[in-house]
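For reference, the structure is listed below as structure tokens.
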Amino acid sequence: MKFLLAKISFIISMGVITALHFTVDDFSLVWLALPVICFFILVISGSYFIKLDFFLKSVNNLGLNENRVAITFDDGPDTNTQHVLDVLDKYNAKATFFLIGSKIEKNADVVQEIITRGHAVGNHSYSHSNLFPLKNPVQIEEEIIKTNKLIKKISGVETSIFRPPFGVTNPMVAKGIKRAGMTSIGWNVRSYDTVEDDVEKVSNRVINKINPGSIILLHDDREHTPQILERILQYINQMNFETVTLNNEIELK
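Residue 1 is where the sequence shown starts when you use the UniProt record's numbering, and the numbers rise one by one after that.
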């Protein structure tokens with residue numbers, strides 16, 4: 001909806017500026033660059049910031065009135081996931097793991113362990129390719145369905161939640177998600193644990209942004225994630241927040 005409004009505004013702006021060029025003396029067509037630049041900035045921002053809901057509606061928080069938070073992990077299953085699960089157990093916390101299909105095939109036992117320990121799983125595409133946002137809707141739908149089948153085959157669980165790789169969205173990704181009948185999941189607390197190895201910096205970045213209803217993004221394939229998670233869970237316990245899985249919360253939306 002926001003993308004549609006942006007397109008309409010862009011077209012109207014271009015029309016108004018063109019009309020002014022022909023009706024007002026010395027009105028330069030250079031002004032046409034302004035709506036072009038603004039539209040370009042909007043599209044780029046909407047693509048890379050999923051919480052803007054620019055191309056499609058995503059679940060980015062649980063609601064500010066909820067004294068609960070959702071911890072989510074992307075890019076697994078991984079051999080490091082076991083350590084993450086151990087930390088979650090230590091604090092009696094629950095989480096949602098967004099799984100990559102190609103990694104499910106290599107780590108089926110980890111998927112089963114996630115479910116056995118009472119956590120939820122979501123879909124994070126089959127390939128997690130850098131070119132995923134450039135795929136057409138049919139290709140995106142195929143990746144989602146393929147991964148859903150793998151999850152169901154290995155764990156017996158059916159999932160309807162999908163997180164786009166890198167959190168990048170565009171009209172093609174939006175159509176692919178819709179074709180697959182999935183709910184898009186974003187976040188409102190990003191750890192940047194994929195670009196920062198300092199445990200204290202990453203954990204403090206997350207802790208300083210946690211509020212009631214937060215959806216927290218972490219990655220279970222990073223060696224330092226268990227240490228970061230432990231610090232975050234200590235804070236969550238201090239604040240008396242409940243950790244919830246997204247499959248349960250989505251049903252309440």
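We put the beta carbon where it would ideally sit given N, CA and C, even for glycine.
- The three-state reading of DSSP puts Asn188 in coil, since its state is none of H, G, I, E or B.
- Non-local C-beta neighbours of Glu141 in its own chain, meaning closer than 7 Å and more than five positions away in sequence, comprise Gly176, Arg179 and Ala180, ordered along the chain.
- DSSP places Ala70 in the uninterrupted beta strand (DSSP E) bounded by Arg68 to Gly76.
- Between Pro133 and Leu99, the C-beta gap is not smaller than 7 Å, which leaves the two residues out of contact.
- The C-beta distance from Pro226 to Leu64 rounds to 29 Å, too long to meet the 8 Å contact threshold.
- Checking the DSSP bridge columns, you'll see Phe166 has no partner listed.
- Across the set Ile210, Asn123 and Val199, the C-alpha of Val199 shows the shortest separation from the C-alpha of His224.
- Inter-segment contact for the stretch 146 to 166 and the stretch 117 to 133 is present: three or more beta-carbon pairs are separated by less than 8 Å.
- Leu131 counts as exposed, since fewer than 16 other C-beta atoms from the protein chains shown sit within 10 angstroms of its C-beta.
- Annotation: Ile100 is outside any alpha helix (DSSP H) and is labelled neither H nor E by DSSP.
- Counting along the chain, Ile215 sits inside the beta strand (DSSP E) bounded by residues Ile215 to His219.
- In the three-state reduction of the DSSP assignment, Glu113 falls in the helix class, which pools H, G and I.
- Taking each of Asp109, Val138 and Gly186 in turn and checking the Cα distance to Phe49, the smallest one comes out for Gly186.
- Measuring C-alpha to C-alpha distances from Lys90 to each of Val173, Asp193 and Glu230 identifies Glu230 as the nearest.
- In this chain, the alpha helix (DSSP H) harbouring Ala174 covers Pro171 to Arg179.
- Short of 7 Å from the beta carbon of Asn237, and not among the five residues preceding or following it, lie these beta carbons of its own chain, in chain order: Tyr91.
- Annotation: Lys135 to Pro165 spans about 12 Å, alpha carbon to alpha carbon.
- Asn123 is bridged by DSSP to Leu99 and Phe162.
- According to DSSP, residue pairing for Val59 in a beta bridge involves Ile185.
- Under a 10 Å Cβ-count criterion, Asn208 is classified as exposed, with fewer than 16 other Cβ atoms of the shown protein chains found around its own Cβ.
- With respect to Val189, Ile228 sits apart: the two C-beta atoms are not nearer than 7 Å.
- Glu196 carries a coil assignment under DSSP once its states are collapsed to helix, strand and coil.
- Using a 10 angstroms sphere on the CB of Thr96, the tally of other CB atoms reaches 16 or more, which defines it as buried.
- Note: Glu242 is bridge-paired with Arg68 in the DSSP secondary-structure output.
- Residue range Pro137 to Ser155 is occupied by the alpha helix (DSSP H) that includes Leu150.
- In the three-state DSSP reduction, Pro226 falls in the helix class (H, G or I).
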